[in-house]
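Its first residue numbered 0, the sequence shown is counted upward by one per residue in numbering that gives the first Met the number 0.
Notes follow once the structure below has been shown.
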Amino acid sequence: MNFTTSVLFCTGTAALIATATAENTWMTDFSAALKKAKAEKKLVLADFTGSDWCSACILLRRSVLDTAEFRDWAKDKFVLLEIDLPKRRNFDATLRAQNEALAARYNIISYPSILALNENGEVMGGFEGNVKSVKEAIVPLENARRNAENFRKLPTLKDTARARVLNDIYHHFPKSKTFAAIRTDIRERALTADPNKLTDIHLEAAVEEQAEQFRQERSALIINSPEMKQLLKRQLRDAYPANRPAVQQELCQYALATAENTADIAAARKLFEELIPQLAPEQAAETQNFVDTFFADPEALLRMLKASRPQ
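Take a look at the structure:
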């Protein structure tokens, strides 16, 4: 390779590296990220992070978002935007003001929170907290892309067709607290668009409303009070099938919180064993492992429970 060829090769390689780096750079300007998303027909992936205090945020970036595997998947789908709220005082004041305003605007209550935004800054989905793998991160982000496509269809749809698309968005929207208000709004729009109850959104709404009502009723009582036991029995009797596992779990916790002898421990174990078949496979396996481990020695479990109770 002669000198000229060598220079051209190195220059070309450097250009390729620079292009790849530019494509994978985290932006920090919100408005610029939205403009870029619009021009490139992408969504914005906004990472709300605390880069110098949030260990889960740091782990998410290192093990998922900054990996070659994730960047390769995301490069033609998302504009990457970092919304950092560090504790260090020398952080750019203008950028901090922008990021604090965005955290308030999007009701960010836990870190990390990943939002998928359309070109207008509207939330299409995302996830909260650390995820363990690229595959786990991709699932909710693909749901967000599906939601964005469905939202684009909505202005052209009426009646049942509109209700079905809103129903699909609702079922692919995150259920965690950051997204709760938006999800509720989507549900109400779907209910309004489906007065003849042709989709399952009405049952879904009833189930969620009952679950929230049950949570509020339980929060008003002391966990180990006799009134709590009566309430849980009533809730279990009245619960929709989808809500029964949550109530049964509360009954299990009540049984442990109030156990006074090994007979009570045996009764608590029976409640857990009745719960396990109602759970999803992974949660069922975890609960079974808990039962096998902690109920192996009922007397030791009873001593541990009593020792942990407030005196």
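Just so it is clear, CB atoms sit at the ideal spot from N, CA and C, and this is done for glycine as well.
Find out if the Cβ-Cβ distance for the pair residue 98, residue 82 is shorter than 8 Å. yes
Excluding five sequence neighbours on each side, which residues of the same chain lie with their C-beta closer than 6 Å to the C-beta of residue 50? In its chain, beyond the 5 residues on either side, 83, 85 have a beta carbon closer than 6 Å to the beta carbon of residue 50.
If we count the other Cβ atoms within 10 Å of its Cβ and call it buried at 16 or more, is residue 288 buried or exposed? By the neighbour-count rule (16 or more Cβ atoms within 10 Å), residue 288 is not buried but exposed.
Within this structure, are the beta carbons of residue 116 and residue 45 separated by less than 8 Å? yes
Neighbour flag for residue 60 against chain C, beta carbons, 8 Å: Absent here is chain C; the protein component of the structure consists of one chain.
Status (buried if at least 16 other CB within 10 Å, exposed otherwise) for residue 249: buried
Under a three-way DSSP split, which group does residue 82 fall into? In this structure, residue 82 counts as strand in the three-state DSSP scheme.
Helix, strand or coil for residue 133, going by three-state DSSP, please let me know. helix
Over what stretch of residues does the alpha helix (DSSP H) that includes residue 284 continue unbroken? 280-293
How far does the beta strand (DSSP E) with residue 113 in it extend, from its first residue to its last? 112-116
Tell me which residues share the same chain as residue 245 and place their Cβ nearer than 7 Å to its Cβ, disregarding the 5 neighbours each side in the sequence. 210
Alpha carbon to alpha carbon, what distance is there between residue 168 and residue 150? Rounded to whole angstroms, the gap between the alpha carbons of residue 150 and residue 168 is 8 Å.
Exposed unless 16 or more other CB atoms sit within 10 angstroms - verdict on residue 41: buried
Whole angstroms are fine: how far does the CA of residue 196 sit from the CA of residue 225? 40 Å
Would you tell me roughly how many angstroms separate the C-alpha atoms of residue 283 and residue 290, rounded to the nearest one? 10 Å
Enumerated in chain order, which unbroken segments of the beta strand (DSSP E) with a length of 3 residues or greater are wholly contained in the region 127-203? none
Tell me the DSSP bridge mates of residue 77? 42
Of the residues 260, 265, 272, the one placed nearest residue 302, counting alpha carbons only: It is 260 whose Cα lies nearest to the Cα of residue 302.
Please check the pair residue 222 and residue 256, which I expect to be a contact at CB under 8 Å, by giving their CB distance rounded to whole angstroms. 5 Å
Taking the alpha-carbon positions, what's the residue 263 to residue 298 distance? 11 Å
Residue range of the alpha helix (DSSP H) that residue 251 falls in? First-last of the alpha helix (DSSP H) with residue 251: 243-257.
Along the chain, where does the alpha helix (DSSP H) containing residue 56 start, and where does it finish? 54-59
Close-in-space but distant-in-sequence residues of the same chain around residue 307 (CB under 7 Å, 5 per side omitted): none
Counted within 10 angstroms of its Cβ, other Cβ atoms place residue 92 as buried (16 or more) or exposed: Counting Cβ neighbours within 10 Å, residue 92 comes out exposed, since fewer than 16 surround it.
Give the secondary structure of residue 90 by DSSP, where H, G and I count as helix, E and B as strand, and everything else as coil. coil
Taking C-beta to C-beta, are residue 109 and residue 124 nearer than 8 Å? Contact flag unset, no.
Pull up the CB-CB distance for residue 36 and residue 118, whole angstroms please, since I reckon it's below 8 Å. 5 Å
What is the rounded straight-line gap between the Cα of residue 304 and the Cα of residue 277? Rounded to whole angstroms, residue 304 to residue 277 spans 25 Å at the Cα level.
Helix or strand or just coil, what does DSSP make of residue 48? Assignment of residue 48 by DSSP, reduced to helix, strand and coil, places it in the strand class.
Integer Cβ distance of residue 251 from residue 270, believed to fall under 8 Å: 5 Å
Short of 6 Å in beta carbon distance, which residues of its chain neighbour residue 159, apart from the five on each side in sequence? Order them along the chain. Taken in chain order, the residues that qualify are 197.
Go ahead and label residue 182 buried or exposed: buried means 16 or more other beta carbons lie within 10 angstroms of its beta carbon, across all protein chains shown. With 16 or more other Cβ atoms within 10 Å, it is buried.
Around the C-beta of residue 146, are 16 or more other C-beta atoms found within 10 angstroms, so that it is buried, or is it exposed? buried
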